[in-house]
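What follows is one structure encoded as structure tokens, with my remarks underneath.
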Amino acid sequence: MHLPFAVLFRLAWRNLWRNYRRTLIMLGAITVGVWAMIFMTAVMRGMVDDMLYRAVRNLPGHVQIHHSDYRDDPSISNSMPPIDQALLDALEQPEIIKWSARVRVPAVITSEHDTRGTTLLGIDPEEESGLSFIADSIVAGRFLESVDDRGLIVGQKMIDNLETVLGRRVVVMSQDPDNEIIDRGFRIVGVFATDLENVEESFIFTGRKTVQSMLNMGASISEIAVLGHDYRDVSDVLRLQEVTGPDREILPWYEIDTYLGTMLSTMDGFVLVWIVVVFLALSFGLVNTLVMAVFERVREIGLMQALGMRPSMIVVQVLMETFLLLLIGLAAGNLFAILSVVALSDGIDLSIVSEGMQMMGVANVLYPSLQTNDVLLADVVVIVLGLLAGLSPAWRAARYQPVEAITKV
Amino acid sequence: MSTVRCVDLCRFFIQGDQTIKALDHVDLSIGKREFVCLSGPSGSGKTTLLNAIGGLDKPTSGEVWVAEQRIDNLSKGELANMRLHNIGFVFQAYNLIPVLTARENVEFVMQVQGVPADERRQRAMAILQEVGLEDMEDRRPANLSGGQQQRVAVARAIVSRPAMVLADEPTANLDSVTAEHLMGLFVALNEKHSTTFIISTHDQRVMSYARRLIGLVDGRIVKDETR
Ligand SMILES: Nc1ncnc2c1ncn2[C@@H]1O[C@H](COP(=O)(O)OP(=O)(O)O)[C@@H](O)[C@H]1O
Ligand SMILES: [Mg+2]
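Chains as they are written, first to last, in the numbering used here: chain F, 1 to 409; chain C, 1 to 227.
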């Protein structure tokens, strides 16, 4: 079938600007709609990114290696032997940025005033820096200096709860592999602070060797946290399982924290729903505009058919008009959305509403995150659904009888 | 061999409890190269007959044949194709596409036919010159007088050299000089390209060009004389 695209395009373009006020109003609506689709998606992405980034930094890393029974019973008896040569070689590969071996045990901390339950982590400060938050969250005192550092790092909230201060001694109590209660005095050498108060209560830190000797566990470790290049795609890091063997289990962060994992995987669905909902709001105006535009042109559409334009060409002409309208609206909407994100690249201050947000694990400053795929998704949805919306007016136009146009006075 | 043949053609319009017989059992055969005038008072069925021949309207009963093809039972798309390639139209009113300039209107049919741009432009300019509108090529219809619009419509109807031109009162809005010129153009085309012309009119000057004069009254042929 021959379609004279040049003339159809010319007609579509000129008809678009015939009632330019109506066209501009519709373009405004599409622009705002597309802006809302893309910008709000970037804000949502920024929020989830931030939550995930923090969650990953709050100790998990991208992937963790444990004793294979650790998940069912995270007790000291399910510790692993120290890192062997094969695993060490694998951990030195370029797809891995950092890794850290830790001892992690439930503990009770007691000051002269109060007692709290917490988690004691024995870490290597060098391995930990750049992997988790702790190395750059010290607000008072010092960070640990080596694996056998005997000082204790506690959170700001914890030190407040214990009504003690930097430099004082506290007692930390835990169980060794034989279920014997072991306690030991520590001096608080550093205090850390984070955006999330519950993290400040949840963990206390000291040198890994210090914990290992306190709990008589030799060189055993509880977990190895591994950091790859992108938390969204940890497949490279998961390849470590080739060397971990059956006694050790390797888990990505989204299986360690299933709540956050679900959040990331449902995010794409959320984005699509949001885009479609905004489009539906737009579509009423769009269909109305097109119906009006077609209705005003009953005569010339009839004339064009009388002169030999097949109904299919009329359909194409109206769809082309729809397409041009959508295209201009999309271009403007994309532009404004990108400009908004760039303008807000220093972050959106959420401190006014931060009480509620903290509960969800979101920080005070939100950085919108614009992703090419989201922009493309919005554009494709608008074009495809927009053309579908244009089908009915186009079909209506094609059904006009030529004689109606010619005899109508 | 005939270009147009109507067999027992009827077109009735129902209005309220009244039936208007716009075409009342018309039998008609028009051959190649003929130059026919349909005359008759207002409301006698001239436009209705032209619309039926052009496949713009479905008859109530009877048959319409164009170039040995029965057209009263064709689909909308097939009819559009038939018109595109066989018939040039000049309508009584509302002839031009408002968003296109005079030249673009003239080129419209050729463009839908797929005539290459160079040839299209050349032919459009030549024909606009013939109808005396060469300085008006870039004007939109709204900036042309009624007579100028009608001349653009005529230019469009003949520019694609159709086998047949159907013109519904083409001189109604023209001054007598332009009307004479237009009729001269029609006659020349009729002779040079063997184009069949069917022209409805109640203009005496137009009738004087006709070689066959068909008279209509109340949807019936009352007169059919060849000169
Ligand atoms: N669409 C229509 N609906 C009802 N009546 C119509 C319609 N078209 C034409 N007619 C009637 O048919 C008759 C013939 O009309 P028409 O062919 O336009 O006459 P003419 O062109 O000779 O003036 C008139 O009585 C007219 O009122
Ligand atoms: Mg008439």
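All C-beta atoms in this analysis are idealised placements derived from N, C-alpha and C, irrespective of residue type, glycine included.
- Glutamine 18 of chain C has its CB no nearer than 7 Å to any heavy atom of ligand 1.
- Within the DSSP secondary-structure output, isoleucine 65 of chain F pairs in a beta bridge with F/Ile224, F/Ile250.
- Using a Cβ-Cβ cut-off of 7 Å, methionine 309 of chain F is close to Ala80, Val112 of chain C, given in chain order.
- Proximity of glutamine 317 of chain F to chain C, defined by a Cβ-Cβ separation below 8 Å, is not satisfied.
- In the structure shown, leucine 213 of chain C adopts extended strand secondary structure according to DSSP, grouped into three states.
- Methionine 320 of chain F is outside the set of residues whose beta carbon lies under 8 Å from a beta carbon in chain C.
- Isoleucine 256 of chain F and proline 74 of chain F have their alpha carbons spaced roughly 12 Å apart.
- Taking C-beta separations shorter than 8 Å and ignoring five residues to either side along the sequence, the partners of leucine 385 of chain F in its chain run Val276, Phe279, Ser283, following chain order.
- Boundaries cannot be given for alanine 142 of chain C, as no alpha helix (DSSP H) includes it and DSSP labels it neither H nor E.
- Contact annotation for proline 4 of chain F against chain C: Gln111, Val112, Gly114 [CB-CB distance below 7 Å, chain order].
- Between arginine 102 of chain F and glutamate 223 of chain F, the C-beta spacing is below 8 Å.
- Excluding the 5 residues flanking it on each side, serine 77 of chain F has same chain C-beta neighbours closer than 7 Å at Pro177, in chain order.
- Contacts between glutamate 300 of chain F and chain C, judged by CB atoms closer than 9 Å, involve Tyr94, Leu96, Ile97, Pro98, Val99 in chain order.
- The residue from F/Ser369, F/Leu327, F/Asn373 with its alpha-carbon nearest to that of alanine 12 of chain F is F/Leu327.
- Taking methionine 304 of chain F as reference, the option from C/Met125, C/Glu104, C/Thr226, C/Arg227 with the minimal CA-CA separation is C/Glu104.
- For methionine 309 of chain F, the secondary structure class from DSSP, reduced to helix, strand or coil, is coil.
- Separation of the CB atoms of valine 271 of chain F and threonine 41 of chain F is rounded to 5 Å, and the pair is thereby assigned contact status at 8 Å.
- In this structure, the CA atom of alanine 397 of chain F is about 12 Å from the CA atom of methionine 309 of chain F.
- In this structure valine 90 of chain C touches proline 170 of chain C by the C-beta definition: roughly 5 Å separates them, less than 8 Å.
- For alanine 306 of chain F, the nearest CB of chain C lies under 8 Å from its own CB, placing it at the interface with that chain.
- By the Cβ neighbour-count rule, threonine 48 of chain C is buried, with 16 or more other Cβ atoms within 10 Å of its own.
- Counting C-beta pairs with one atom in each stretch, the stretch 313-327 of chain F and the stretch 283-297 of chain F have three or more that are closer than 8 Å, which means they touch.
- Among the residues of the stretch 276-289 of chain F, none has a Cβ less than 8 Å away from any Cβ of chain C.
- Valine 191 of chain F and glycine 347 of chain F have their C-alpha atoms roughly 27 Å apart.
- The three-state secondary structure of valine 99 of chain C, taken from DSSP, is coil.
- Interface criterion met: the Cβ of valine 7 of chain F is under 8 Å from a Cβ in chain C.
- Under the DSSP assignment, proline 81 of chain F falls outside any beta strand (DSSP E); it carries neither an H nor an E label.
- By alpha-carbon distance to glutamine 156 of chain F, the top candidate from F/Ala107, F/Val139, F/Ser235, F/Asp89 is F/Val139.
- Along the stretch 373-396 of chain F, none of the residues has a CB nearer than 7 Å to a CB of chain C.
- Contacts with chain C at 8 Å (Cβ-Cβ) do not include leucine 327 of chain F.
- With contacts defined by Cβ atoms closer than 8 Å, alanine 52 of chain C and leucine 9 of chain C form a contacting pair.
- A distance below 7 Å between beta-carbons, with the five flanking residues on each side excluded, links isoleucine 338 of chain F to the following residues of its chain, in chain order: Leu370.
- Residue-level contact check: phenylalanine 12 of chain C does not touch chain F, since none of the beta carbons of chain F fall below 8 Å from its beta carbon.
- A direct Cα-Cα distance of roughly 14 Å separates methionine 80 of chain F from leucine 215 of chain F.
- Annotation: arginine 299 of chain F to tyrosine 367 of chain F spans about 53 Å, alpha carbon to alpha carbon.
- Secondary-structure assignment with DSSP links arginine 104 of chain F through a beta bridge to F/Leu121.
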